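Asks: According to the UniProt record's numbering, the sequence shown is numbered sequentially starting from 1.
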Amino acid sequence: MANTSDTIEAAAVEAGTVDRPAPRFAGGLFGAGRPNLIGLILPFAILALWQTAAANKWIDPVFLPAPITVVTAFWKMLTKQHLAFDFLASISIVGQAFLYGSVAAIILGIAAGLSRKVEQFFGPTFDTIRHIPGIAWLPLIVLWLGIGAPAKVLVIAKSVFFPVFLNTLQGIRNVEKNYIELAKVLTLTRWQLVRKVIVPAAMPSIMVSLRYAAGLAWALVVVAEGLSGLSGLGFLIFRAQGLLLTDQLLVCMVIIGLVGFAIDRSMYVAQKRVLKWKQGYDG
């Protein structure tokens with residue numbers, strides 16, 4: 001399927017005004033080409049400082065246990081305390097909330113971007129709801145749905161919805177008029193204009209919002225589970241805090257950080273693949 005960049009570039013190359021750019025190859029820790037290990041320096045430095053502080057007892061072990069103590073706690077939680085079940089519960093909630101919130105946001109964002117009347121219809125209501133924090137909705141939603149997974153999914157989906165909706169809307173409104181004029185010259189139908197020009201041109205904004213929303217959903221599940229729930233990583237964190245189980249608290253924090261990093265890298269790879277046609281500044 002052709003996209004905006006291909007259409008404009010093909011016309012320019014045919015007219016002889018520009019040369020087709022040479023392909024680029026992305027680098028980085030998880031990109032193509034030679035891996036860049038510079039990003040590992042700071043984590044290893046933090047780990048070394050942590051081990052040094054624990055070995056020399058600069059901080060009471062109640063507040064900062066040694067790394068080996070945390071590893072032991074992780075193994076105990078994994079084999080005897082159903083850590084895998086709590087992890088899967090959190091992942092399930094995040095996955096559902098991200099899917100429902102982002103799909104609804106993209107559909108309504110495209111509709112509002114293509115029609116001023118749709119934007120005016122939803123705008124006042126959405127702007128009001130958007131300014132009410134998701135956590136403020138949680139007590140009311142728990143009253144309606146209980147403390148199970150549906151309540152958390154709804155709260156997180158609401159938080160996912162608005163950044164994706166606004167970026168989709170703004171991405172469509174920022175499509176350059178030159179693209180629209182070229183589409184008219186090529187006598188594209190309304191559906192072809194949307195599918196081949198408007199949506200591809202708005203895709204960078206949409207992909208950035210999806211990447212942000214995925215990380216936001218993963219962060220919010222901890223708060224939602226901590227305030228309302230009997231399972232999940234958030235519940236484990238608040239329980240560990242109440243029982244002064246700092247080693248288990250750190251286990252959950254490390255898992256949350258690593259999984260969040262993996263989610264962000266996955267979204268970054270997806271973004272690079274979807275936008276492989278777009279050439280930009282690599283730094």
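Backbone N, C-alpha and C fix where the C-beta goes; we use that ideal spot for every residue, glycine too. Since this is a predicted model, take the numbers as computed values, not measurements.
Quick check: the Cα distance between residue 284 and residue 202, rounded to an integer number of angstroms?
Replies: Residue 284 is absent from the structure shown; the chain starts at 1 and stops at 283.
Asks: Nearest by alpha-carbon distance to residue 115: which of 170, 84, 91 is it?
Replies: If we check each option's Cα against that of residue 115, 170 comes out closest.
Asks: On a CA-only basis, which of 58, 49, 51, 63 is nearest residue 244? Give me that one, please.
Replies: When only C-alpha atoms are compared, the closest one is 63.
Asks: Within the chosen definition, does the region 217-237 reach the region 144-156 through at least 3 CB pairs nearer than 8 angstroms?
Replies: They touch, by the three-pair rule.
Asks: Would a C-beta distance cut-off of 8 angstroms place residue 215 and residue 260 closer than the cut-off?
Replies: Yes, the Cβ-Cβ distance between residue 215 and residue 260 is below 8 angstroms.
Asks: Spatial neighbours of residue 251 within its chain, please: C-beta separation below 7 angstroms, excluding the five flanking residues on both sides.
Replies: Cβ neighbours of residue 251 beyond the five flanking positions: 70, 73, 74, 77.
Asks: Spell out a yes or no on whether the region 100-113 and the region 166-186 are touching, meaning 3 or more CB-CB pairs, one atom from each, closer than 8 angstroms.
Replies: Touching, yes.
Asks: Residue 187 by DSSP, collapsed to three states: which one?
Replies: Residue 187 falls in the coil class under three-state DSSP.
Asks: Secondary structure at residue 302, three-state DSSP: helix, strand or coil?
Replies: The structure shown has nothing for residue 302, since the chain only spans 1 to 283.
Asks: For residue 64, which of helix, strand or coil comes out of DSSP?
Replies: Coil.
Asks: What residue does the alpha helix (DSSP H) around residue 167 start on, and which one ends it?
Replies: Start and end: 149-173.
Asks: Closest to residue 205 by C-alpha separation, out of 45, 275, 90, 52, would be which residue?
Replies: Minimum Cα distance to residue 205 is reached at 275.
Asks: Cα separation between residue 269 and residue 210?
Replies: Distance between the alpha carbons of residue 269 and residue 210: 12 angstroms.
Asks: Between the C-alpha atoms of residue 66 and residue 97, what's the straight-line distance to the nearest angstrom?
Replies: Using only the alpha carbons, I get a separation of about 36 angstroms.
Asks: State the start and end residues of the unbroken alpha helix (DSSP H) segment that holds residue 231.
Replies: Counting along the chain, residue 231 falls outside any alpha helix (DSSP H), and DSSP gives it neither H nor E.
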